[in-house]
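Please read the structure below before turning to the comments.
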Amino acid sequence: MKKSILLSFILLLITGCGIKTDLYSEKPKGQINTELTQSEPSTKENVMENIDPAKFENLVAEHRGAKIKTSLGEIQVEFFGADSPQTVNNFLNLAKQGFYDGTRFHRVISDFMIQGGDPNSKSDDWSIHGMGGPNYRFADEFNSQKLVRGSLAMANSGPDTNGSQFFIVTAESTPWLDGRHTNFGKVVQGMDVVAKIEGVNKNQNDHPLEDVTIESIELVK
């Protein structure tokens, strides 16, 4: 598995390096704006963190979950390692390297989801939040797991454009996202913390008006 994971990352690193994309998640049906929503292109250069996926360890077999420690409390997640091994391994390696430490939840939509994982969000320039990621992209790993309340999934800008950004679903179900975003885990403890993040005041672009930061992520065996 290790060789196949690394090969997939290397191939997508070669084909995707330098591509600048805006991360999106569709808003839930029934809201005023039901079409695909996408950030306005930034006039500033996207921050692409220099990460070498060829050096990733195979951490899937030894870690079943993680504790995401935020400024509003702790969220514990359990991974679907058998269903989405490449996606889980990506998250584990980035978390182990401290990639997510200091990032903010930059997009929050009530009754839909909370989104984070962008290294750009460490900046106080909100205009570039949601525009960043590592210097590679990797393929989707769709599975039979439905995107429902508590699901942990990858944000993307289209097919096979996964990087570092992720979201946690707060709606009861989001069937229109199935087959479009890789579901790679679920919240097993801390949905009250997710609700606190969901409840913060936001601006018209769904950006929280107060910082909600990922302080650290602890891997769980």
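Under the numbering used here, think of the first position of the sequence shown as 462, with each following residue one higher. Glycine included, every Cβ here is placed at the ideal spot set by N, Cα and C.
Assuming residue i contacts residue j (C-beta within less than 8 Å), just tell me the rounded distance between them.
{"i": "Gly577", "j": "Phe566", "result": "4 Å"}
{"i": "Phe573", "j": "Gly646", "result": "Not a contact, Cβ separation roughly 18 Å."}
{"i": "Gly651", "j": "Gly563", "result": "In fact, because the Cβ distance is near 19 Å, the residues do not count as touching under 8 Å."}
{"i": "Ile658", "j": "Val681", "result": "Between Val681 and Ile658 the Cβ distance is about 20 Å, and since that is not below 8 Å, they are no contact."}
{"i": "Val655", "j": "Ile629", "result": "6 Å"}
For residue i, report the span of its beta strand (DSSP E) as first-last.
{"i": "Leu680", "result": "Ile675 to Val681"}
{"i": "Arg568", "result": "Arg568 to Ile570"}
{"i": "Val630", "result": "Phe627 to Val630"}
{"i": "Gly534", "result": "Gly534 to Phe540"}
{"i": "Gly526", "result": "Gly526 to Thr531"}
{"i": "Ile512", "result": "Note, Ile512: premise wrong, no beta strand (DSSP E); not H, not E."}
{"i": "Gln576", "result": "Met574 to Gly577"}
On the DSSP letters alone, give me the boundaries of the alpha helix (DSSP H) that residue i sits inside.
{"i": "Ala656", "result": "Met652 to Glu659"}
{"i": "Leu553", "result": "Pro546 to Lys557"}
Closer than 7 Å by C-beta to residue i: which residues in its own chain qualify, once you throw out the five before and the five after it? Chain order, please.
{"i": "Asn550", "result": "Ile466, Phe517, Asn519, Leu520 and Val521"}
Beta-carbon within less than 6 Å of residue i's beta-carbon, same chain only, minus the 5 sequence neighbours each way: which residues are those?
{"i": "Asn644", "result": "Gln606, Leu608, Ser612 and Ala614"}
{"i": "Glu676", "result": "Lys530"}
{"i": "Gly640", "result": "Phe603"}
{"i": "Lys505", "result": "Legend: pLDDT at Lys505 = 37, less than 50; position of this residue unreliable, no value from coordinates given."}
Only counting the same chain, and skipping five residues up and downstream in sequence, which positions put a Cβ closer than 8 Å to that of residue i?
{"i": "Asp667", "result": "Arg568, Val569 and Ile570"}
{"i": "Glu633", "result": "Val609 and Arg610"}
{"i": "Ile512", "result": "Leu555, Gln558, Phe560, Pro595, Asn596 and Tyr597"}
{"i": "Leu670", "result": "Val661, Asn662, Lys663 and Asn664"}
{"i": "His590", "result": "Arg565, His567, Arg568, Asp579, Asn581, Ser582, Ser584 and His668"}
Can you find a heavy atom of the ligand HEM that lies under 7 Å from the Cβ of residue i?
{"i": "Leu680", "result": "Ligands in the displayed structure: none, and consequently the ligand HEM is not present."}
Note to self: Measuring CB atoms only, is the stretch 613–624 touching the stretch 587–605, in the sense that at least three cross pairs come out at less than 8 Å?
What the structure shows: yes
Notebook entry, point to check: How about the stretch 587–598 and the stretch 623–635: do they share at least three Cβ pairs that are nearer than 8 Å?
Noted result: yes
Checklist line | Whole beta strand (DSSP E) elements within the stretch 586–654, 3-residue minimum | finding: 612–615, 627–630 and 644–650
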